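**Student:**
Numbering (my numbering), first residue to last: 691 to 868.
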């Protein structure tokens, strides 16, 4: 991946998760998945973001993400997940961040890894295909993501949102570097 998309910045983050959040992560881990591929997709002077049913109506949106299935390449997984979550065909442009997360649950610590890319939309319309997993998708500006959206995430008290706020801010900081 690095030879094709560049060397990402390596970051580390730790946070406490609520039990219900830990349950979601444990179900993924039970299937052998300890990662996500997150893509920031520029579109119409902003970035494509999604909202899941678990937090529908909260005003919180985040970059789309998903995991590779067994035997699936990261590139293929990114393409599939972005299409399912946003309705857009995409291609990876730059490997921006490699984030190692320690999720603190009441009974364990779970390691997680986020591979964060800048991606480009090649076709399609912003209409989620996977309506079960995605409640809404739209475009938000960098300023909205780092302002009101970040405040809502942190204010939610959810560890997953604290992490996504950190990931989003770190992405834009790294993207701004020459």
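Quick reminder that beta carbons are idealized off the backbone N, C-alpha and C, glycines included.
Owing to the predicted nature of the structure, the values given are computational and were not obtained by experimental measurement.
By a C-beta neighbour count over all protein chains shown, 10 Å radius and 16 as the cutoff for buried, is residue 850 buried or exposed?
**Tutor:** With 16 or more Cβ atoms within 10 Å of its Cβ, residue 850 is classed as buried.
**Student:** How about residue 743 and residue 825: are their beta carbons less than 8 Å apart?
**Tutor:** It is a contact, given that the beta carbons lie within the stated cut-off.
**Student:** Let's see if you can read the secondary structure: which residues bound the beta strand (DSSP E) around residue 705?
**Tutor:** It spans 699 to 706 - the beta strand (DSSP E) in which residue 705 sits, taken as one unbroken run.
**Student:** Give the range of the beta strand (DSSP E) segment to which residue 830 is assigned.
**Tutor:** 826 to 830 is the extent of the beta strand (DSSP E) around residue 830.
**Student:** What residue from 800, 771, 706, 733 has the CA that sits closest to residue 828's CA?
**Tutor:** It is 733.
**Student:** If you drop the 5 nearest sequence neighbours on each side, which residues of the same chain put their C-beta closer than 8 Å to that of residue 869?
**Tutor:** Outside the shown range of the chain (691 to 868) lies residue 869, about which nothing can therefore be said.
**Student:** Quick check on residue 844: does DSSP put it in helix, strand or coil?
**Tutor:** In the structure shown, residue 844 sits in a helix (DSSP, three-state: H, G or I).
**Student:** Work out the CA separation of residue 710 and residue 792 for me, nearest whole Å.
**Tutor:** Near 16 Å, if we compare the C-alpha coordinates of residue 710 and residue 792.
**Student:** With distances taken from CA atoms, which of 700, 810, 691 is nearest residue 864?
**Tutor:** Answer by Cα proximity: 700.
**Student:** From residue 773 to residue 728, what distance separates their C-alpha atoms?
**Tutor:** Near 13 Å, if we compare the C-alpha coordinates of residue 728 and residue 773.
**Student:** Name the residue from 785, 741, 843 whose alpha carbon lies nearest to the alpha carbon of residue 820.
**Tutor:** The shortest Cα separation from residue 820 among 785, 741, 843 belongs to 741.
**Student:** Put residue 807 into one of helix, strand or coil per three-state DSSP.
**Tutor:** Correct three-state label for residue 807: strand.
**Student:** According to DSSP, is residue 732 helix, strand or coil?
**Tutor:** Strand at residue 732.
**Student:** Tell me which same chain residues have a C-beta within less than 8 Å of the C-beta of residue 794, skipping the five on either side of it?
**Tutor:** Same-chain partners within the cutoff: 704, 705, 706, 707, 849.
**Student:** Among 694, 726, 780, whose alpha-carbon lies nearest the alpha-carbon of residue 802?
**Tutor:** Out of 694, 726, 780, 726 has the C-alpha closest to the C-alpha of residue 802.
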